[in-house]
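Note that the protein sequences, when read in sequence, are chains G and L. Each residue of the first sequence is one higher than the one before, starting from 695 at the first, in my numbering. Each residue of the second sequence is one higher than the one before, starting from 695 at the first, in my numbering.
Protein chains: 2
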Amino acid sequence: MAATPEAKAQSGERISEAEHAVMEVLWEEAPLSAQDVCAKVCAARGWSLPTVKTLLARLVTKQALSTTRDGKRFLYSPAMARSDYVGTESRRLVDRLFGGRAAPLFAQLAQAEALTDTDIAEIEALLKELKS
Amino acid sequence: MAATPEAKAQSGERISEAEHAVMEVLWEEAPLSAQDVCAKVCAARGWSLPTVKTLLARLVTKQALSTTRDGKRFLYSPAMARSDYVGTESRRLVDRLFGGRAAPLFAQLAQAEALTDTDIAEIEALLKELKS
DNA sequence: CTCCATCGTTTACACACGTAATCGACTACG
DNA sequence: CGTAGTCGATTACGTGTGTAAACGATGGAG
Numbered sequence: 695m696a697a698t699p700e701a702k703a704q705s706g707e708r709i710s711e712a713e714h715a716v717m718e719v720l721w722e723e724a725p726l727s728a729q730d731v732c733a734k735v736c737a738a739r740g741w742s743l744p745t746v747k748t749l750l751a752r753l754v755t756k757q758a759l760s761t762t763r764d765g766k767r768f769l770y771s772p773a774m775a776r777s778d779y780v781g782t783e784s785r786r787l788v789d790r791l792f793g794g795r796a797a798p799l800f801a802q803l804a805q806a807e808a809l810t811d812t813d814i815a816e817i818e819a820l821l822k823e824l825k826s
Numbered sequence: 695m696a697a698t699p700e701a702k703a704q705s706g707e708r709i710s711e712a713e714h715a716v717m718e719v720l721w722e723e724a725p726l727s728a729q730d731v732c733a734k735v736c737a738a739r740g741w742s743l744p745t746v747k748t749l750l751a752r753l754v755t756k757q758a759l760s761t762t763r764d765g766k767r768f769l770y771s772p773a774m775a776r777s778d779y780v781g782t783e784s785r786r787l788v789d790r791l792f793g794g795r796a797a798p799l800f801a802q803l804a805q806a807e808a809l810t811d812t813d814i815a816e817i818e819a820l821l822k823e824l825k826s
């Protein structure tokens with residue numbers, strides 16, 4: 695698949711844990727209003743609507759979300775691809791804990807028995823593709 | 695709270711990024727004095743000795759380090775295994791970003807071209823072992 | 001014994017984060 | 001039109017983190 699031209703991670707602004715939960719909702723479906731987002735996470739995390747509004751505002755500041763007006767309110771959409779976020783986070787972990795090498799991470803997961811049979815099968819398939 | 699007999703290595707106390715850098719030094723060699731640790735990280739991170747002392751103290755509080763007296767000063771040693779830390783951090787990432795499944799993480803790394811030929815070879819070898 | 005170089009400890013302070021109440025503006029119902 | 005409800009924006013506040021100076025104890029040099 696062709697890499698998007700702006701493969702660069704958006705500004706250095708880090709996305710926090712709570713903010714990430716909001717991003718996940720919007721990656722799944724967008725655009726959404728603040729209330730829509732709350733309906734999807736407030737129960738699970740025990741948040742109130744004001745909390746979600748704060749997180750949304752911070753994410754807009756960090757340029758992780760963009761907004762469109764819809765009458766009185768805003769609709770929020772991701773301004774960065776989930777794959778970019780996931781990529782930089784994964785890379786960060788691999789760099790920090792495994793000296794930038796992916797194989798030791800894989801070994802770690804294997805040893806921790808965190809690999810299901812399905813995982814193994816899928817990874818095998820991926821390997822085959824990579825070599826072709 | 696009842697004293698749940700925690701067979702698990704660590705308590706819930708999270709280790710921050712800066713603290714982790716100190717842990718890495720001590721996982722590599724221990725026991726070390728505060729000055730020894732500083733000699734190994736202060737230059738790289740632009741820290742001063744007081745900063746290292748603070749981090750060491752916080753890690754002792756979090757029970758991530760243990761100390762032995764050596765005359766006037768302390769010698770610090772890890773009180774948790776690096777493999778445990780690495781394991782929980784890896785698990786956390788996989789849970790948070792990939793729904794707890796390892797295969798998508800692998801796919802992500804592959805797509806980001808974060809896999810070297812050596813990585814691929816090693817993972818292949820590991821797979822072979824897992825299946826035997 | 002005295003004094004100084006070092007320890008660990010205490011205190012400091014700005015910024016990020018989690019969590020939320022409140023406020024001023026605006027819309028929609030009556 | 002006015003008023004109630006709803007929106008985003010502003011403000012708040014405790015805790016964690018990064019970074020460090022100041023302080024008090026203490027052991028070793030003279």
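Note that the Cβ used here is the ideal one computed from N, Cα and C, for glycine as well. This structure is a prediction, so every number in the text was calculated from the model and none was measured.
Does chain G have any CB closer than 8 Å to the CB of L/SER784?
Residue mapping note: residue 784 of chain L aligns to position 90 of the second sequence, counting from 1. It does: the Cβ of L/SER784 has a partner Cβ on chain G nearer than 8 Å.
Over the uninterrupted beta strand (DSSP E) stretch that includes G/PRO772, give me the two end residues.
Position 78 of the first sequence, counted from the start, is the residue given in the question as residue 772 of chain G. First-last of the beta strand (DSSP E) with G/PRO772: 767-772.
Could you check if G/ASP692 is buried or exposed, using at least 16 other CB atoms within 10 Å of its CB as the buried criterion?
The requested residue 692 of chain G is not part of the displayed model; chain G covers only 695 to 826.
Should G/GLY794 go down as buried or exposed, given a rule of 16 or more other Cβ atoms within 10 Å for buried?
Locating residue 794 of chain G in the first sequence gives position 100, counting from the first residue. Taking a 10 Å sphere around the C-beta of G/GLY794, we find fewer than 16 other C-beta atoms and assign the residue as exposed.
Helix, strand or coil for L/THR810? Go by DSSP, reduced to three states.
For the purposes of this step, residue 810 of chain L is taken as the residue at position 116 of the second sequence. Reduced to three states, the DSSP call for L/THR810 is coil.
Tell me where the alpha helix (DSSP H) around G/LEU799 begins and ends.
Along the first sequence, one-based indexing puts residue 799 of chain G at 105. Segment 796-805, the alpha helix (DSSP H) holding G/LEU799.
Against chain L, does G/GLY740 count as a neighbour if the rule is that its beta carbon must be under 8 Å from one of theirs?
The residue you call residue 740 of chain G lines up with position 46 of the first sequence. Not an interface residue.
Where the beta strand (DSSP E) through G/LEU726 begins and ends
Taking the first residue of the first sequence as position 1, residue 726 of chain G is located at position 32. From DSSP, G/LEU726 is part of no beta strand (DSSP E); its letter is neither H nor E.
Buried or exposed for L/GLU722, please, with buried defined as at least 16 other CB atoms from any protein chain shown within 10 angstroms of its CB.
Here residue 722 of chain L is taken as the residue at index 28 of the second sequence, counted from 1. It counts as exposed.
Beta-carbon contacts of G/ALA703 that lie in its chain and below 7 Å, excluding the five residues immediately before and after:
For the purposes of this step, residue 703 of chain G is identified with residue 9 of the first sequence, where counting begins at 1. Model confidence at G/ALA703 stands at a pLDDT of 49, short of 50, so the residue's coordinates are unreliable; what they give is reported in the following sentence. Within the same chain, G/ALA703 has close Cβ partners ASP778 and THR782.
Backbone CA spacing between G/ALA806 and L/SER784 [nearest angstrom]:
For the purposes of this step, residue 806 of chain G is taken as residue 112 along the first sequence, with counting starting at 1. For the purposes of this step, residue 784 of chain L is taken as residue 90 along the second sequence, with counting starting at 1. Cα-Cα distance, rounded: 10 Å.
Compute the distance between the beta-carbons of G/VAL788 and L/ALA737, then report whether it is under 8 Å.
For the purposes of this step, residue 788 of chain G is identified with residue 94 of the first sequence, where counting begins at 1. For the purposes of this step, residue 737 of chain L is identified with residue 43 of the second sequence, where counting begins at 1. Their beta carbons are not under 8 Å apart, which means G/VAL788 does not touch L/ALA737 by this criterion.
Pull up the distance between the alpha-carbon of G/SER826 and that of G/GLN802, whole angstroms please.
Within the first sequence, numbered from 1, the residue matching residue 826 of chain G stands at position 132. Within the first sequence, numbered from 1, the residue matching residue 802 of chain G stands at position 108. Distance between the alpha carbons of G/SER826 and G/GLN802 is about 27 Å.
Neighbour flag for G/GLN802 against chain L, beta carbons, 8 Å:
The residue labelled residue 802 of chain G in the question sits at position 108 within the first sequence. G/GLN802 counts as touching chain L.
When you compare each of G/GLU816, G/VAL719 and G/MET774 to G/LYS734 by their alpha carbons, which one comes out closest?
Locating residue 734 of chain G in the first sequence gives position 40, counting from the first residue. When only C-alpha atoms are compared, the closest one is G/VAL719.
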